[in-house]
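Going by our numbering, the sequence shown opens with residue 39, and the numbers climb by one from there.
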Amino acid sequence: MAEKILTTEFSEEMQRSYLNYSMSVITARAIPDARDGLKPVQRRVLYDMSELKLGHDKPHRKSARIVGDTMGKYHPHGDSSIYDTLVVMSQAFKKGMALVDGHGNFGSIEGDGAAAMRYTEARLQKFAEEVYLKDLDKTVNFVPNYDESEKEPEVLPVRVPNLLINGSEGIAVGMSTSIPPHNLGEVVDLVQAYIEQPEMSIGQMMEYLPGPDFPTGGIIANKKDLKEIYETGVGKIKLRGKIEVELGRRKADRDKLVISEIPYTMIGAGINKFLMDVADLVESKKLPDVVDISNQSSKEGIRIVLELKKDADIDKIKNILYKKTKLEDTFGVNMLAIAHGRPETLNLKGILDHYLEFQYENTTRKYRALLDKELERKEIREGLIQACNVIDLIIAILRGSKNLKDAKACLMYGDISRIQFKHPGFEEDARQLHFTEKQAAAILEMRLYRLIGLEIEALQAEYDQTMKNIASYEDILNNYDSMCEVIIEELDGIKKEYSTKRRTVIENAEEAVYEEKKMEETEVCFLMDRFGYMRLIDKNAYE
């Protein structure tokens, strides 16, 4: 083959390569899909666990096995990113609804890392199994994996707006996404109301979904800004930890400030940083009324205790903590997602529109598949019922056939040229037979016990039920209102089984105010002895 040299501008090649790399990172790594709210690595881990049959009622499997299987089949980008994803999906303090049931050390809210994948085990949560992976074979498209040796789902048939419920965080090239988690029950209520009233305004939507619901609880202190955030898809949420006052029961006991809930942004090393910041404030005399700091957090929850001096100004201490530490922090919202193959910043209405479009498509595919199956059952049952009515003729054909092919040709086309009837009188009736291929196959495979009276009645009952199912499925597929009812009923079932109480309080809190005392200018005398030691003393004392 002759050598061919292409000449191109270096700048153009760099620009083209960088754009290709950027779009790959944006669409295939860091940004979630607006339909199922999942990044590719999350989707692949969940699908692989489903393929490994790691249901909620099955034994846990080594995390290393899950990571290796996912990397080898679907996500060839390194084991650390896959294991980190598995760990995060198991951490209830990071996700609105955990999707993985981890067994072993999967890290803590205080920043402790998970154990190595060879020491931990995992399986799917029931919520993920029933809400994220159900009807996978009837709904979504499957595409080739990276080396075209396997098939993987383009998206998962998630039945709830996962983009809102679990939120998402990711940094791509030139853009990032940061979507806060929300309460499952409130999101379901909003979706059901939006289906019935698609012209709802953002203000009306917030009657059902007042704001984010972080798994760490805490307080959203700027309720007034949430409407603009939901209208534009961007903004800042001011988060505060929850501070409770415990008064000393006896005279010898000190009053205490107890932090029982922290801002979502403090997950990880933020707690240790907070303790260090408080200690620095105490040492610098800005928190002179705090005499002791202790972290008494456990599996039951967060408990950070500050012991106070007698008659301490509690409101002042709270203001200092909010102003000078991460006990008050900002969560930047940027609701960016992949919509129709392109990154797009979505407002609340946009997220719901993409979710419902996806649900209508999935529901249509599901019930079309169910309808096709029921139509096939109808065809077979009609053939079996008809065969039971002429069972003597069927038996005569079977007895007179030399092989299966001859019997099938007679049942389908009335071809009796190769049939040798033992008794006369069946030839004319046999010529009238016109069973379909599926019906003929079912008749030839039919067992004799189906000829019992009760079995024939059961066959008729099955046929009646099949006809009811066909009518129901056709109504769902041809009637928009019926399809909406199906989606609403499914959401009702999910809400009843999995919804939890709201954890984050939403309010318009007063701004934390703390004014540091300005240093007063005073005249001092500078003294230095012959050894080089220096000190400042008040001028009046020197005189």
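Ideal placement from N, C-alpha and C gives every residue a C-beta, glycine not left out.
Tell me which residue opens and which closes the alpha helix (DSSP H) that Met243 is part of. Looking up residue 243 in the sequence shown gives position 205. Unbroken alpha helix (DSSP H) run through Met243: 240-243.
Residues in the same chain with beta-carbon distance under 8 Å from Leu574, minus the five sequence neighbours each way, listed in chain order, please. For the purposes of this step, residue 574 is taken as the residue at position 536 of the sequence shown. Sequence-distant Cβ neighbours of Leu574 in its own chain, meaning closer than 8 Å and more than five residues away, are Val562, Cys563, Phe564, Leu565.
Excluding the five sequence neighbours on either side, which residues of its own chain have a C-beta within less than 8 Å of the C-beta of Leu228, listed in chain order? Sequence index remark: in the sequence shown, residue 228 carries index 190 (1-based). Excluding positions up to five away in sequence, the list reads Met243, Tyr246, Leu247, Leu390.
Where Thr504 sits in the DSSP three-state scheme: Numbered from its first residue, the sequence shown carries residue 504 at position 466. Three-state result, Thr504: helix.
Go ahead and label Met109 buried or exposed: buried means 16 or more other beta carbons lie within 10 angstroms of its beta carbon, across all protein chains shown. Walking along the sequence shown from the start, residue 109 turns up at place 71. So Met109 counts as buried.
Just the Cα atoms here: how many angstroms apart are Glu284 and Met314? Along the sequence shown, one-based indexing puts residue 284 at 246. Along the sequence shown, one-based indexing puts residue 314 at 276. Distance from the CA atom of Glu284 to the CA atom of Met314, rounded to whole angstroms, is 22 Å.
Verify whether the separation of the beta carbon atoms of Ile457 and Asp444 is less than 8 Å. What you label residue 457 is simply residue 419 of the sequence shown in a count that begins at 1. What you label residue 444 is simply residue 406 of the sequence shown in a count that begins at 1. Yes, these two residues count as a Cβ contact at 8 Å.
Proximity below 8 Å, CB of Glu345 to CB of Lys280: As a position in the sequence shown, residue 345 is number 307, starting the count at 1. As a position in the sequence shown, residue 280 is number 242, starting the count at 1. Cβ distance not < 8 Å, so Glu345 and Lys280 don't count as in contact.
Three CB pairs or more closer than 8 Å across the segment 74-85 and the segment 189-203: Because the criterion of three Cβ pairs below 8 Å is met, the segment 74-85 and the segment 189-203 touch.
Just checking, does the segment 208-222 make contact with the segment 533-543 on the three C-beta pairs under 8 Å criterion? They touch, by the three-pair rule.
In whole angstroms, what separates the C-alpha of Gly205 from that of Leu413? In the sequence shown, residue 205 corresponds to position 167, counting from 1. In the sequence shown, residue 413 corresponds to position 375, counting from 1. Those two C-alpha atoms are separated by around 41 Å.
Counting C-beta neighbours from all protein chains within 10 Å, is the total for Met135 16 or more, i.e. buried, or is it exposed? By 1-based counting over the sequence shown, the position of residue 135 is 97. Buried.
Quick check on Lys132: does DSSP put it in helix, strand or coil? Against the sequence shown, residue 132 aligns to sequence position 94. Correct three-state label for Lys132: coil.
Taking Met150 as the reference, give the member of Arg67, Glu321, Gly308, Pro326 with the closest Cα. Within the sequence shown, residue 150 is the residue found at index 112, counting from 1. Per the sequence shown, residue 150 should be read as Asp rather than Met. Of Arg67, Glu321, Gly308, Pro326, the smallest CA-CA separation from Asp150 is found for Gly308.
Closest to Ile514 by C-alpha separation, out of Ala434, Thr401, Ala425, would be which residue? On the sequence shown, position 476 is the one that residue 514 refers to. Of the residues Ala434, Thr401, Ala425, the one whose Cα lies closest to the Cα of Ile514 is Thr401.
Taking the beta strand (DSSP E) that Ile217 falls in, what are its first and last residues? Counting from 1 along the sequence shown, the entry for residue 217 is found at position 179. Run containing Ile217: 214-217, per the beta strand (DSSP E) assignment.
Would you mind sorting Leu202 into buried or exposed? The rule is 16 or more other CB atoms within 10 Å of its CB. Your numbering for residue 202 matches position 164 in the sequence shown. Buried, because 16 or more other Cβ atoms sit within 10 Å of the Cβ of Leu202.
Is the segment 332-350 touching the segment 392-409, taking contact as three or more C-beta pairs under 8 Å? Note that the segment 332-350 does not touch the segment 392-409; fewer than 3 beta-carbon pairs, one per stretch, sit closer than 8 Å.
So the alpha helix (DSSP H) Thr177 belongs to, where does it begin and stop? Taking the first residue of the sequence shown as position 1, residue 177 is located at position 139. Per DSSP, the unbroken alpha helix (DSSP H) holding Thr177 starts and ends at 174-177.
Three or more C-beta pairs under 8 Å: does that hold for the segment 94-106 against the segment 425-443? In short, these stretches do not touch, since the Cβ pair count stays below three.
Option in Tyr487, Asp410, Asp71, Lys361 with minimal Cα separation from Ile429: One-based indexing of the sequence shown puts residue 429 at position 391. Ranking Tyr487, Asp410, Asp71, Lys361 by Cα distance to Ile429 puts Tyr487 first.
Span of the alpha helix (DSSP H), counted from its first residue to its last, around Pro78: Here residue 78 refers to the residue found at position 40 of the sequence shown. For Pro78, the enclosing alpha helix (DSSP H) begins and ends at 78-89.
Measuring alpha carbon to alpha carbon, tell me which of Gly75, Lys132, Ala350 ends up nearest Gly306. The residue given as residue 306 occupies position 268 in the sequence shown. Across the set Gly75, Lys132, Ala350, the C-alpha of Lys132 shows the shortest separation from the C-alpha of Gly306.
Which residue's Cα is closest to the Cα of Ser214: Glu527, Lys77, Arg73? If you number the sequence shown from 1, residue 214 lands on position 176. Nearest of Glu527, Lys77, Arg73 to Ser214, Cα basis: Lys77.
Report, in whole angstroms, the separation of the C-beta atoms of Ile240 and Lys387, which I expect to be a contact under 8 Å. The count along the sequence shown starts at 1 and reaches residue 240 at position 202. The count along the sequence shown starts at 1 and reaches residue 387 at position 349. By a beta-carbon distance limit of 8 Å, Ile240 contacts Lys387. Their separation comes to about 7 Å.
Runs of alpha helix (DSSP H) lying entirely within the segment 87-126, each at least 4 residues, in chain order: The qualifying runs are 101-111.
Can you name the start and end residues of the alpha helix (DSSP H) that Asp353 belongs to? Taking the first residue of the sequence shown as position 1, residue 353 is located at position 315. It spans 352-362 - the alpha helix (DSSP H) in which Asp353 sits, taken as one unbroken run.
Three-way DSSP call (helix, strand, coil) for Val371 in this model: The count along the sequence shown starts at 1 and reaches residue 371 at position 333. Reduced to three states, the DSSP call for Val371 is strand.
Classification of Asp410 by the beta-carbon crowding that lies within 10 angstroms, buried from 16 upward: Walking along the sequence shown from the start, residue 410 turns up at place 372. Classified as exposed, Asp410 has fewer than 16 neighbouring CB atoms from the shown chains inside 10 Å of its CB.
List the residues that DSSP assigns as beta-bridge partners of Asp71. Start at 1 with the first residue of the sequence shown, and residue 71 comes out as number 33. Paired residues: Ile376.
Which residues does DSSP pair with Arg278 in a beta bridge? Here the question's residue 278 lines up with position 240 in the sequence shown. According to DSSP, Arg278 shares a beta bridge with Ile257, Glu366.
Three-state secondary structure assigned by DSSP to Arg54: Here the question's residue 54 lines up with position 16 in the sequence shown. In the displayed model, Arg54 falls within a helix according to three-state DSSP.
Limits of the alpha helix (DSSP H) - the one that Phe165 falls within: Locating residue 165 in the sequence shown gives position 127, counting from the first residue. 164-169 is the extent of the alpha helix (DSSP H) around Phe165.
Opposing strand residues paired with Met566 [DSSP bridges]: Along the sequence shown, one-based indexing puts residue 566 at 528. DSSP lists Met572 as partners of Met566.
To the nearest angstrom, report how far apart Ala434 and Lys440 are at their CA atoms. Your numbering for residue 434 matches position 396 in the sequence shown. Your numbering for residue 440 matches position 402 in the sequence shown. Spanning the two alpha carbons is a distance of roughly 12 Å.
Buried or exposed: where does Gln235 fall if 16 or more other Cβ atoms within 10 Å of its Cβ makes it buried? Walking along the sequence shown from the start, residue 235 turns up at place 197. With fewer than 16 other Cβ atoms inside 10 Å of its own Cβ, Gln235 counts as exposed.
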